[in-house]
Each structure stands twice: as C-alpha cells, then as structure tokens.
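**Student:**
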Amino acid sequence: MSAGFSKMDATESKSQPRPFSIKLWPPSQNTRQMLVVRVTDNLTTKSIFTQKYGSLSKEEAEENAKKIENVAFATANEHYEKEPDGDGSSAVQLYAKECSKQILEVLKRGPSSKDDKEVLVSEEVSAPLDTVFDISKGVRSFIEAKEAEETLEPLKEPGNSYTKICFSNRSFGLEAARVAEPILASIKNQLKEVDLSDFIAGRPEAEALEVMNIFSTALEGSILKSLNLSNNALGEKGVRAFGALLRSQSCLEELYLMNNGISEEAAEAVCELIPSTEKLRVLQFHNNMTGDKGALAISKVVKRSPLLEDFRCSSTRVGSEGGVALSEALDTCTHLKKLDLRDNMFGVEAGVALSKALSKYAGLTEVYLSYLNLEDEGAMAIARALKESAPSLEVLDLAGNDITAEAAPIVAACIAEKQHLSKLNLAENELKDEGAIQISKVLEEGHLQLKEVDMSINSIRRAGARVLARVVVQKPEFKLLNIDGNFISDEGIDEVKEMFEKFPDRLGSFDENDPEGGDDEEESGEGEGDEHELETKLEKLEVNKEE
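Structural data, given as structure tokens:
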C-alpha cells in the first residue's frame, strides 16, 4: 500500500501541530490473534476456574475464543471512538476486562451439547453483533473490488438486521465503491447509524471525490440518527460530494465532522447542506481549519439545534469574533451536557460572552475551556456563571488561560459549589501558592467524588504543594495529582511523597519540577523562609465571597 498522501490529505497536515504520542489502539491483527490463543488456553488448561466449572475441548475453545475476542474488540473500539484523541489505554483495559468476563461466562456454561453447539457466547453479548456491521478491525489498508465483494457479502443476505455500518479504517477505491453502491442502496432504509470516517485515505483527490459521491447517492434518503464523516480531509469539495446524503437528512441526532480540513467555505457548505438539525444532540467539529468566518457558519447550525447536548469545536482556529458568535448561538442550547471548546483563540471578550450562555446550563456535566486565552477577566466571568448553574458538574478544565492568584477567590468559590466534581484541570496558569491554597481549601469539604487534579506549571512552591496534596490524598475516589513543572523544593517534594506513601501511583512525576525556579521570590513573598507563614495566612482566607 502506498504510504503517500493525496492532495486532499494535505489540508489535514496544515492543521495545528500536535505533540507526538504513541497510540495503543487499535491492536494489530497479530496482537488480536495472540489474544485468541491466550483465551483458548484459558478455556482448556487447568486453573482454579476450569477445576470448578470444567474445561472445553480445544476445538470448542478455539471457536469460543474467536467470538469472545470479536465481542471484546467491538466493545472496546466503540469506547475508543467516543474519545478518538486519547492514547487508547482505556480501550486496551476495557478490551482485556471484557475478554476476562466472557471467558468466565463460557466456563460457567460448560461444554455445549450437539444441540446447542452454535450457542457458544451468551445471547446478551451476541445480539449487538447482528445489528452492527463493522469492517474497521485490524490494520488500516486499501480495499479493492474483489475484497469488497467478499467483505460486504453479509449485507446482501435477505432479512439481515444490520442497523449500523462502520467502514472506517479501510480506504475505498473507485471499483470497491461501485461494488458497495447497490448493496448500500438495498439496505439504506434499515440503517440508523453510518460511520464513513477515514475511508478514502491515500486516494487521489479526483478518485476520492467520486467515491464520496457514490456513497452519498447510495445512502440518499436513509433516515439516519448518526453520521460520522470524520478523518477524511473533506474540504469544501468533499462536503459538497456528500451533498445528496446530507440534504436528505432530517432526523439526525449525531453528526461527527472531526479532522476534516474544514475551512470557512467548507463550514458554510455544511450549514447550507444540512436542512434540519432540530433533533441534533451531538455535534463534534474537532481539529478543523474553520477560523472566525467558518465559526459564524457553524454558529448558525448550533443556533437551530435547540436539543444539543454535546458540542465539540476544539482546535478549530476560532478567534474572538467567531468565539462571540458561537457563544451567542450556544445561548439557545439549554440542554447542553458536554461542552468542549479547547485550543482556540477566544480571548476575554468571547469568554465573557460564553459566560452568559453557561449560566443557563442546568444539566452541564463536562466543560473543557483550556487554552482559550481567557485571562483573569474571562475566567472570572465563566467561574461566576458556573457557580450559579451546572450543579452536577463533573469535569472542569480551565488549563492554559493565564489565570493568576487574583482570580483564584472567584474560581475557588465556583469549585466550592461543585460537589460532584471528579476532574479539575487548572494546569499551565499562574495561580502560585496563593491560588493553589485557596482552591485547596474549598476542596477540603465534601468533593468525595474527586479523582484527578492537575495544577502542573503554576509556579507553585512548597507551601501550595503541601496543602493541595494533604487535601486530595484523603479523598476516597482519588486517582491522580499532577503538580509537575512547578518550583517545589526538594524538601517539599519529599513531604508530598510521604503523604502519598500508601498510594504512590496516585502522584504524578516531578520530572519537570524546578526547585530553584522563579526569580520573584522576594516580591511575591514565596521564598522558602516564609512558606509556613504564607500557608498559615492563606488558610484563613474566605474564598466563598466575592469582592
């Protein structure tokens, strides 16, 4: 398979740079086959479980092992698709957990008789496989006509009950698309979910556009609830190639257009081609080249989506003008539960505009507003709004917004009200010891569901680190504290590590900590000599009242 990129892929390379990371998901075909062998061994060899329930013959174990692995992979892959920018570690854990669960179920059932030999995996787990047709497993690769005929054969079976198809991770050429066309047209009326993400990779632009046209025409008129066109470097031409399909949709509940190279013109095409979004609950638009003008078009889609619950427009190069437009549009989405606007250039004005919308979100559970250039004014406006709304907020992300200790009392007052908070990210700000201690103090009472706190790179010293560590280590559900990249003395690090002595895995590394960092010790009063005085003074501060 050619490793080159087409012209259409070029738009993707222009998107904002991302740090290199190792992806743990999906596993290679070889890894999956090794797992099947391991599962087979678990079903046939002597163990505490086979002694209790009995073992299977090798032939029956191998058959079960393949089905168990398929079910586990499908479950983990569905989990991974919901968070595609993660490293896949949680999907790997789920993959292993699901395998273990199914092995035990098969052993408890015991060897099958001739009459029920076909029933090798529980009906409860097998049922979803009858409705989901997924060819995305294994290595990312081209698919040509002959393989398409063989692979898509199950879709031609009379009376099949497939309601979801996933063609992701396989790159369709023109001939393969022509094989798929009549098959898709024959089942389009039964389909509810279509995933065509990453299905033209490496194809020349002209061929890719024709493939998209073929799929669009074949599926035109289907009544879909979910449509995923992510990772296809669409651009305006690609969006319009899907015009027939998009125009025919009036019941969409989920639309995914992530990493599509969508510019201003492409965003306007999206707005133009989708006639109705009245039922839309999920709109994800991550990692595009939208900019302010494109955000104006997307804001029109948002404005006519009153039932929206999950909106993601992160890493889309949106500045102040577009941020204000999106914020005003979000004012109508009072059912919002998850909001992700990370990694844009909103600035203070857009942050203040956004705060007005946030005040209306009674059901909000997750809000990701990191790297938006909010500064103190924008952050305080948002904190004030959230303090009076979103009583069940679980995730609060305000990292990288130049928030200083001056804004800490307002931010802390907001956090004090969020007793369901499980994850708090305030990394890469300038909270210093004053801010860290004020926020730590409000976390003392309640917050029993708190799992993660990130205050890395905040110019925190020994005093702030000690108070924060002492508070979070006592939380019953706590999993991870990250205070790396600060100015904590060696003595301070030793003290924090001692607090986490029983739970070392819950404390992040200190690889980037600089015990001698910071040049403003005298001015800020944060030197080693008066840390105890600073801590004592700040512990007495009132943080639940605004000036």
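When the sequence shown is numbered by full-length UniProt numbering, its final residue is 547 and no position is left out of the sequence of numbers.
Don't be surprised by glycine CBs; every beta carbon is placed ideally from N, CA and C.
Can you name, in chain order, every residue of its own chain whose Cβ lies under 6 Å from the Cβ of Leu196, other than the five neighbours on each side?
**Tutor:** Closer than 6 Å at Cβ, skipping near neighbours: Phe167 and Leu229.
**Student:** Between the region 262-281 and the region 325-333, can you find at least three pairs of beta-carbon atoms closer than 8 Å?
**Tutor:** Contact between the region 325-333 and the region 262-281 is absent, because fewer than three Cβ pairs lie under 8 Å.
**Student:** Should Ala96 go down as buried or exposed, given a rule of 16 or more other Cβ atoms within 10 Å for buried?
**Tutor:** Flag for Ala96 reads exposed.
**Student:** Just mark Asn189 as buried or exposed, buried being the case when its beta carbon has 16 or more other beta carbons within 10 Å.
**Tutor:** Exposed, by the Cβ-count rule.
**Student:** Determine, using beta carbons only, whether Glu98 and Ala72 come nearer to each other than 7 Å.
**Tutor:** Taking 7 Å as the Cβ cut-off, Glu98 and Ala72 qualify as a contacting pair.
**Student:** Taking the alpha-carbon of Leu364 as reference, which of Thr131, Glu491, His420 and Glu150 has the nearest alpha-carbon?
**Tutor:** Nearest of Thr131, Glu491, His420 and Glu150 to Leu364, Cα basis: His420.
**Student:** Could you say which of Phe285, Glu377 and Ser392 lies nearest to Asp343 if we only look at CA atoms?
**Tutor:** Checked all of Phe285, Glu377 and Ser392; the closest Cα to Asp343 is Phe285.
**Student:** Please give me, in chain order, every unbroken run of the beta strand (DSSP E) with length at least 3 that falls completely inside the region 220-259.
**Tutor:** The region 220-259 contains these whole beta strand (DSSP E) runs: 226-228 and 254-256.
**Student:** List the endpoints of the continuous beta strand (DSSP E) containing Leu280.
**Tutor:** Here Leu280 belongs to no beta strand (DSSP E), and DSSP marks it neither H nor E.
**Student:** How close, in whole Å, do the beta carbons of Met455 and Leu426 come, if the pair is a contact with beta carbons under 8 Å?
**Tutor:** Confirmed, about 5 Å.
**Student:** Alpha carbon to alpha carbon, what distance is there between Ala201 and Asn169?
**Tutor:** For Asn169 and Ala201, the distance between alpha carbons rounds to 8 Å.
**Student:** Return helix, strand or coil for Gln16, following the three-state DSSP convention.
**Tutor:** For Gln16, the predicted model reports a pLDDT of 44, less than 50, meaning its position is unreliable; a value from the coordinates is still stated below. The answer is coil: DSSP assigns Gln16 none of H, G, I, E or B.
**Student:** When you compare each of Glu375, Ser509, Ala407 and Lys423 to Ser392 by their alpha carbons, which one comes out closest?
**Tutor:** Minimum Cα distance to Ser392 is reached at Lys423.
**Student:** Closer than 8 Å by C-beta to Met345: which residues in its own chain qualify, once you throw out the five before and the five after it? Chain order, please.
**Tutor:** Cβ neighbours of Met345 beyond the five flanking positions: Arg317, Val318, Gly319, Ser320, Gly323, Leu372 and Asn373.
**Student:** Please state whether DSSP places Ile165 in a helix, a strand or coil.
**Tutor:** Reduced to three states, the DSSP call for Ile165 is strand.
**Student:** So, helix, strand or coil for Asp484, using DSSP?
**Tutor:** Here Asp484 sits in coil by DSSP.
**Student:** Ile143 lies in the beta strand (DSSP E); which residues open and close that run?
**Tutor:** Taken as a continuous stretch (DSSP letters only), the beta strand (DSSP E) holding Ile143 covers Ser141 to Ile143.
**Student:** Quick one: Cα of Thr31 to Cα of Glu193, how far?
**Tutor:** Going by the C-alpha atoms only, they are around 28 Å apart.
**Student:** Cα-Cα, which of Lys337, Val282, Asn259 and Thr151 is closest to Glu253?
**Tutor:** For the residues Lys337, Val282, Asn259 and Thr151, the minimum Cα distance to Glu253 belongs to Val282.
**Student:** Could you have a look at Asn425 and say whether DSSP puts it in helix, strand or coil?
**Tutor:** In this structure, Asn425 counts as strand in the three-state DSSP scheme.
**Student:** Can you tell me whether Gly235 is buried or exposed, with buried defined as 16 or more other CB within 10 angstroms of its CB?
**Tutor:** Per the 10 Å Cβ criterion, buried.
**Student:** Report the rounded CA-to-CA distance for Gly351 versus Arg462, giving the unit in angstroms.
**Tutor:** Going from the Cα of Gly351 to the Cα of Arg462 covers about 32 Å.
**Student:** Below 8 Å on the Cβ atoms is my guess for Ala405 versus Leu386; work out the distance and round it to an integer in Å.
**Tutor:** With 8 Å as the limit, Ala405 and Leu386 do not qualify as a contact, their Cβ atoms being about 19 Å apart.
**Student:** On a CA-only basis, which of Ala399, Lys146, Ala408 and Ser355 is nearest Ser389? Give me that one, please.
**Tutor:** When each option's Cα is compared against that of Ser389, the closest is Ser355.
**Student:** Under 7 Å between the Cβ atoms of Ala176 and Ala148?
**Tutor:** Cβ atoms of Ala176 and Ala148: closer than 7 Å.
**Student:** From the DSSP output, which residues share a beta bridge with Arg170?
**Tutor:** Per DSSP, Ser141.
**Student:** Is DSSP giving Gln284 helix, strand or coil here?
**Tutor:** Reduced to three states, the DSSP call for Gln284 is strand.
**Student:** Have a look at Glu123 and Asp130 and give me their C-alpha separation to the nearest angstrom.
**Tutor:** In this prediction, Glu123 scores a pLDDT of 41, lower than 50, which makes its location untrustworthy; the coordinate-derived value is nonetheless stated afterwards. Looking at the two C-alpha atoms, the distance is approximately 11 Å.
**Student:** Can you name, in chain order, every residue of its own chain whose Cβ lies under 7 Å from the Cβ of Gly517, other than the five neighbours on each side?
**Tutor:** Excluding positions up to five away in sequence, the list reads Phe487.
**Student:** Name the residue from Gly400, Ile457, His335 and Lys451 whose alpha carbon lies nearest to the alpha carbon of residue 551.
**Tutor:** Here the chain has residues from 1 to 547 only, and residue 551 is not among them.
**Student:** Thinking just about the alpha-carbon of each residue, which of Leu336, Ser216, Val348 and Gly347 is nearest to the one in Ser359?
**Tutor:** Answer by Cα proximity: Leu336.
**Student:** Give me the Cα-Cα distance between Leu24 and Thr75, rounded to the nearest whole angstrom.
**Tutor:** Roughly 16 Å separates the two Cα atoms.
**Student:** What do you reckon, are the CB atoms on Arg240 and Ala269 nearer than 7 Å?
**Tutor:** In contact: Arg240 and Ala269 (Cβ atoms closer than 7 Å).
**Student:** Would you kindly check if the distance between the Cβ of Ser226 and the Cβ of Phe242 is under 7 Å?
**Tutor:** No; because the gap between Cβ atoms is not below 7 Å, this pair is not in contact.
**Student:** Quick check: the Cα distance between Glu521 and Glu444, rounded to an integer number of angstroms?
**Tutor:** Residue placement at Glu521 is flagged as unreliable, the pLDDT there being 47, under the threshold of 50; a coordinate-derived value is accordingly withheld.
**Student:** Looking at the secondary structure, which residues open and close the beta strand (DSSP E) in which Arg384 lies?
**Tutor:** Run containing Arg384: none in the beta strand (DSSP E); it sits in the alpha helix (DSSP H), Glu375 to Lys387.
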